[in-house]
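Student: In this note's numbering, the protein residues as written are 27 to 304.
Dropping a structure here in structure tokens format, bear with me for questions.
Set out below in structure tokens:
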């Protein structure tokens, strides 16, 4: 006599999947809260770590930008680097955490069904909290230099959402790849390190969008989704000119949308086999 078999599987169809995501929102809250406790309660310096990391980047990049003959004042260099560093830290931290999240939660994934997308997305909550804490650095520098933000700051949440969407799209894609190809855990830090130097943190997009810079290079530069984000943060907080040209802005925003679509599509395509491979 054949024994009955019980199969726990995802709801068929994309509509059912998104309903499952909402139904399992309690698990999302639990995983996010667990990661927050691990980050801030079970570390020696706790919340200070969210300040020390971006602060070191600001100090180093501001030093090079000020004293390497760029002709930028200390105030403009420090504020420009600080405002650019905060969203970059949010994106890089969220990308790193989400790309490794499935491997880190392998025991949970192999035991019970739930929409796996919850795992990498929940890790981004910690990065958002880090971002909010790091914003204290920018606030302190604005007060120190006596700089008052303009009304442009009302648009800041839009660029924050853009940063999160870029992190979710790329994070889902790399998380799915990391399950099947474990070598990608070594590739992600390299991608983040490379992105740090090709994003307008230690420099301005004005240096790129010039007549003496080849148009091909400018377009390749615009494919970096963080270009629009960082330029937008500077425009919102410092009131500087939004230097990205119209085509460059559209390209940068378009890459974010494509990354989100491809990340969700590839994650859903490979999600069914995660428990067997991991």
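From the three backbone atoms N, C-alpha and C, an ideal C-beta is built for every residue, glycine too.
All of these numbers come straight from a predicted model, not from anything done at the bench.
Quick one: Cα of residue 354 to Cα of residue 221, how far?
Tutor: With the chain represented from 27 up to 304, any question about residue 354 goes unanswered, as that position is not in the structure.
Student: So for residue 208, helix, strand or coil by DSSP?
Tutor: Residue 208 sits at position 182 when you count from the first residue of the chain shown. DSSP places residue 208 in coil when its eight states are reduced to three.
Student: Residue range of the alpha helix (DSSP H) that residue 295 falls in?
Tutor: Taking the first residue of the chain shown as position 1, residue 295 is located at position 269. That run of the alpha helix (DSSP H) goes 272-296.
Student: Consult DSSP for residue 38 and reduce its assignment to one of helix, strand or coil.
Tutor: In the chain shown, the residue the question calls residue 38 occupies position 12. Low confidence applies here, because residue 38 scores a pLDDT of 49, under 50, leaving its location unreliable and the question unanswered by this model.
Student: Residue 241: buried (16+ other C-beta within 10 angstroms of its C-beta) or exposed?
Tutor: Reading the chain shown from its first residue, position 215 is the one you call residue 241. It counts as exposed.
Student: Pairing CB atoms from the stretch 189-203 with CB atoms from the stretch 107-119, are three or more of them under 8 angstroms?
Tutor: As far as the Cβ criterion goes, the stretch 189-203 touches the stretch 107-119, which means the pair count is three or higher.
Student: For residue 300, collect the residues of the same chain with a Cβ closer than 7 angstroms to its Cβ; drop the 5 residues on either side in sequence, then sort them by chain order.
Tutor: Along the chain shown, one-based indexing puts residue 300 at 274. The residues are 128, 135, 142 and 205.
Student: Do residue 109 and residue 263 have their beta-carbon atoms positioned less than 8 angstroms apart in this structure?
Tutor: Here residue 263 is taken as the residue at index 237 of the chain shown, counted from 1. Here residue 109 is taken as the residue at index 83 of the chain shown, counted from 1. It is a contact, given that the beta carbons lie within the stated cut-off.
Student: Does the distance from the C-beta atom of residue 111 to that of residue 92 stay below 8 angstroms?
Tutor: In the chain shown, the residue the question calls residue 111 occupies position 85. In the chain shown, the residue the question calls residue 92 occupies position 66. Not in contact: residue 111 and residue 92 (Cβ atoms no closer than 8 angstroms).
Student: Can you name, in chain order, every residue of its own chain whose Cβ lies under 8 angstroms from the Cβ of residue 179, other than the five neighbours on each side?
Tutor: Position 153 of the chain shown, counting from 1, holds the residue named residue 179. 262 and 263.
Student: Check for me: the alpha helix (DSSP H) holding residue 137 runs from which residue to which?
Tutor: On the chain shown, position 111 is the one that residue 137 refers to. It is not in any alpha helix (DSSP H) - residue 137 carries neither H nor E in the DSSP assignment.
Student: Short of 7 angstroms in beta carbon distance, which residues of its chain neighbour residue 277, apart from the five on each side in sequence? Order them along the chain.
Tutor: Here residue 277 refers to the residue found at position 251 of the chain shown. Result list for residue 277: 245, 248 and 249, in chain order.
Student: Using only alpha-carbon positions, find the residue among 177, 148 and 125 that is nearest to residue 213.
Tutor: For this step, residue 213 is matched to residue 187 along the chain shown. Nearest option by C-alpha distance: 125.
Student: Could you check how far apart the C-beta atoms of residue 159 and residue 73 are, in whole angstroms? I think they sit under 8 angstroms.
Tutor: On the chain shown, position 133 is the one that residue 159 refers to. On the chain shown, position 47 is the one that residue 73 refers to. About 6 angstroms; that satisfies the 8 angstroms criterion.
Student: Applying the criterion that 16 or more other CB atoms from any shown protein chain within 10 Å of the CB defines a buried residue, is residue 267 buried or exposed?
Tutor: Counting from one through the chain shown, the residue named residue 267 turns up at place 241. Exposed, by the Cβ-count rule.
Student: Round the Cβ separation of residue 215 and residue 257 to the nearest angstrom and send it over; I've been treating them as touching at under 8 angstroms.
Tutor: To locate residue 215, count along the chain shown from 1; it is residue 189. To locate residue 257, count along the chain shown from 1; it is residue 231. Actually they are not in contact, since the Cβ atoms of residue 215 and residue 257 sit about 25 angstroms apart, beyond 8 angstroms.
Student: With a 10 Å radius around its C-beta and 16 neighbouring C-beta atoms as the bar for buried, classify residue 99 as buried or exposed.
Tutor: Counting from one through the chain shown, the residue named residue 99 turns up at place 73. Residue 99 is exposed by the Cβ-count criterion.
Student: Grab me the residues of residue 151's own chain with a C-beta within less than 8 angstroms of its C-beta, minus the 5 sequence neighbours each way, in chain order.
Tutor: Sequence index remark: in the chain shown, residue 151 carries index 125 (1-based). Closer than 8 angstroms at Cβ, skipping near neighbours: 58, 61 and 62.
Student: From 49, 175 and 137, pick the residue whose C-alpha is nearest to that of residue 304; which is it?
Tutor: By 1-based counting over the chain shown, the position of residue 304 is 278. Out of 49, 175 and 137, 137 has the C-alpha closest to the C-alpha of residue 304.
Student: So, for residue 210: in the same chain, excluding its five sequence neighbours on each side, which residues have a beta-carbon less than 8 angstroms away from its beta-carbon?
Tutor: Taking the chain shown and counting its residues from 1, one reaches residue 210 at position 184. Answer for residue 210: 125, 200, 203 and 204, listed in chain order.
Student: Nearest by alpha-carbon distance to residue 171: which of 132, 103, 144 and 55 is it?
Tutor: By one-based count along the chain shown, residue 171 stands at place 145. Nearest C-alpha to residue 171: 103.
Student: Which runs of the alpha helix (DSSP H) fall wholly inside the stretch 216-246 and span at least 4 residues, in chain order?
Tutor: Complete alpha helix (DSSP H) runs here, min 4: none at all.
Student: Identify the continuous alpha helix (DSSP H) that holds residue 67 and give its terminal residues.
Tutor: To locate residue 67, count along the chain shown from 1; it is residue 41. From DSSP, residue 67 is part of no alpha helix (DSSP H); its letter is neither H nor E.
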